[in-house]
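Protein chains in written order, with full-length UniProt numbering: chain A, 1 to 431; chain R, 1 to 450. First the structure, in the form of structure tokens, and then the observations on it.
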């Protein structure tokens, strides 16, 4: 059993303007991963501005003081790099992996858009990227069967006003209403060096990275007061199950069961991670054994359970199954609920536990097998827990979870009277 | 505020190296391995000459059903015991197929690879294939395909493929089959396909820390009990190119987006122009900064993304563009996409564009080939296309040396804007008239199923 999930060196430096610079040297391949986490996500969005953090992420690729529109992508790809960005409720993440000789270019580009986005932001760019994001919404959520499940689950789990109540993609109405001044203010408020972590992993040295970070980011002033998102850590149990049934164009009934559990990074969430693997990963999982192989009411490749790794409030556990032909949504929902309920009453066996831990071990080392996977993990732990070195604790923490802990967490957090259930039914069956 | 105005120059390039490749003949089969010192994770992948191209016409999806059936128990243990055994090692049996090969692989912490390869071989070589299990797996696959085909895309892909390659040919039908072809499979199809193609030795690809692995032992396990030699893999297929464009409209009522699939036949993988063709495809539709993505997404805002590329297998290839665009702009998006393809064919690429394309493709070799899974994939490319150990290093040099004239010539020769098939899957009642009015080509309504 490993005593560390991160057997590489880690160095952290804080620049005078508050930017934390994390470096992890690994000379195996001639590449470096550059990864920035800004501690701003859709949880910061007030009512009427849903989708703004994510739309803003798009704007960050459209030019800054010294980088012309469309030049950012061109320079990184023209250096042989891969790049992208993601936004979720917790944070916004920008990353590129480049051949090692282009590290300085990547840092220059990131610094220019951290410190110089506002002067380059135009109405034309905003209008164009608003259209792109609306097409992203259509493509990923509206035009595919079950595509809006996540959008429907969040308000069932989190009450109005909670930072996780609304989905990161936002509403069409709010996106339509977005104006330029709001985005300028958004950047000035949140895109400050003292609200970010810069991580570099790969073929470089601590000295090289810190020197370059000082050179490119050092002149960007900190922002003294960064408004926090609403506090969502306490979500009172309602004692009443939340249920929604959607009759629409889907090929088969599908059920989602969701619960609020514990925040990512807490001991309780480590238990949830193992629990979810016991419940829903692989053919040996309880859901597969019981519903797909046993009762044969669920389609084998469409059962699953996973935690959504959010750190600022009790994170969701999502459990799902899709009916085999001839099986009703009611029967499937009952079967799914029964397997979830049994986590509290039927003890997890040693074999189940070891199976889950073996799968999680492989998944962990798979993320650690690339410099970009490591850089993202270090940014996460520095941003959310204040110390990138705590990344090493996660795998050992999973491996220490016991069957008793799983039963306890299941009893505490997976109660049927505090459950959200979302059911999709095909239209024909009801017409 | 002080930002540095001057864009930094590139530092000194580090030497590129692909991991050391080891090839060995063991126990009647071949092992191809890459040494990844210090890597905690290892991958083993068995490649069999049992890709979709080996499936008989009318039996599309056979490989996919067999892949699932492999996990329904072996001569040694039942399905549940098998799942528990392999997952206890930290892996599942991952199967996949393309036109040229069938792949079965495991990925585990390096010390468990021997045990994982034993289970891989047990499933591939000695599956139980109980008739009831095979029928159930087939029915599950039909359901899974029906689910998949409820999404936008699969019907458009199938319409394009049939129009390019002819539905009478295996390669003119979907790689994974469709719900009807799979529903028509019987138990004997599956058992015969297994005995014909799955007990030949094949090739074992290994990516991991070879100091902690015994290749001979892994190979002996993978090839135990196998027999039969390689079978002729067939010459490249001459695919006729259509004269004149056509639009195929696939109805998807109420769709808020139209799914676009544009394409024509292209060169097979061993074509001598492979590198300039790939670069021409990159300039036109490969990178984020490509002509298509720039115009259709970044300038017009019609889409979340649009991509185009040349793809090829041993025996045939195709050029294709894919996107999802807002319903209201279907016609202009189509017109402008065709316009960019035509402009690239007639005018070639610029040095500025090519500079990005060649550095990007070359740099991707260092950036993307890191994990054992990615390295195993790169090794399988060597194996399937008979390429040498230093292929990736040479490819990098060829990419970096490519000149505007040769890439423009490849675009001129291999892009066929006048022969494009333009498949549009969307709300026909809303977009049909506009599509006809574009004058891009004759419009054909794709037959509706059921």
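Cβ atoms here follow ideal geometry from the backbone N, Cα and C, with glycine treated the same way.
- Taking 8 Å as the cut-off, the Cβ atoms of residue 98 (chain R) and residue 322 (chain R) do not count as close.
- According to DSSP, residue pairing for residue 256 (chain A) in a beta bridge involves A:320, A:422.
- In the DSSP assignment, residue 93 (chain A) is bridged to A:37, A:86.
- When C-alpha distances from residue 268 (chain A) are compared across A:246, A:295, A:314, the shortest belongs to A:314.
- For residue 73 (chain A), at least one C-beta of chain R is nearer than 8 Å to its own C-beta.
- In terms of Cβ geometry, residue 338 (chain R) and residue 159 (chain R) do not form a close pair [threshold 8 Å].
- Contact between residue 105 (chain A) and residue 8 (chain R) holds, since their C-beta atoms are separated by about 6 Å, short of 8 Å.
- For residue 264 (chain R), the uninterrupted beta strand (DSSP E) run begins and ends at 257-266, by DSSP.
- At least one CB atom of chain A sits nearer than 8 Å to the CB of residue 80 (chain R).
- Neighbours of residue 304 (chain R) across chain A, judged by C-beta separation under 7 Å: 132, 135, 136, 139.
- Contacts with chain A at 8 Å (Cβ-Cβ) include residue 7 (chain R).
- Residue 98 (chain A) belongs to the set of residues whose beta carbon lies under 8 Å from a beta carbon in chain R.
- Neighbours of residue 84 (chain R) across chain A, judged by C-beta separation under 8 Å: 284, 351, 355.
- When DSSP states are grouped into helix, strand and coil, residue 172 (chain R) belongs to the helix group.
- Within the stretch 145-165 of chain R, 146, 147, 150, 151, 152 place their CB atoms closer than 7 Å to a CB of chain A, listed in sequence order.
- Using a Cβ-Cβ cut-off of 7 Å, residue 289 (chain A) is close to 80 of chain R, given in chain order.
- Approximately 6 Å separates the beta-carbon atoms of residue 113 (chain R) and residue 208 (chain R); this is inside 8 Å, confirming the contact.
- Per the coordinates, the alpha-carbon of residue 268 (chain R) lies some 33 Å from the alpha-carbon of residue 140 (chain A).
- Under the three-state reduction of DSSP, residue 217 (chain A) is assigned to helix.
- The beta carbon of residue 356 (chain A) sits closer than 6 Å to those of 274, 277, 278, all from its chain and outside the five residues before and after it, given in chain order.
- For residue 18 (chain A), there is no enclosing alpha helix (DSSP H), as DSSP marks it with neither H nor E.
- Distance check between residue 230 (chain R) and each of R:48, R:404, R:18 places R:48 closest, using alpha-carbon atoms only.
- Under the Cβ distance rule, residue 140 (chain R) counts among the residues neighbouring chain A, one pair being separated by less than 8 Å.
- For the pair residue 377 (chain A) and residue 100 (chain A), the Cα-to-Cα distance works out to about 20 Å.
- Put simply, of A:320, A:428, A:202, A:265 the residue whose alpha carbon is nearest the alpha carbon of residue 392 (chain A) is A:265.
- Taking 8 Å as the threshold, the shortest C-beta distance from residue 22 (chain R) to chain A does not fall below it.
- The residue among A:403, A:154, A:409, A:325 with its C-alpha nearest the C-alpha of residue 244 (chain A) is A:154.
- Looking at the backbone, the Cα of residue 422 (chain A) and that of residue 246 (chain A) are separated by about 8 Å.
- If the five residues before and after residue 241 (chain A) are omitted, its C-beta is found closer than 8 Å to the C-beta atoms of 416, 417, 418, 419, 420, 421, all from its own chain and listed in chain order.
- Interface annotation, residue 102 (chain A): in contact with chain R, CB-CB separation under 8 Å.
- Rounded to the nearest whole angstrom, the CA to CA distance from residue 28 (chain R) to residue 218 (chain R) is 13 Å.
- Around residue 87 (chain R), the beta-carbon contacts reaching into chain A at under 9 Å are 281, 282, 283, 284, 285, 355, 356, 358, 359.
- By the C-beta density criterion, residue 316 (chain A) is buried, having at least 16 other C-beta atoms within 10 angstroms.
- Residue 349 (chain R) sits close to residue 407 (chain R), with the two beta carbons spaced by under 8 Å.
- Considering only beta carbons, the part of the stretch 27-41 of chain A lying closer than 8 Å to chain R consists of 28, 29, 30, 31, in chain order.
- Our two residues, residue 212 (chain R) and residue 84 (chain R), have alpha carbons roughly 25 Å apart in a direct line.
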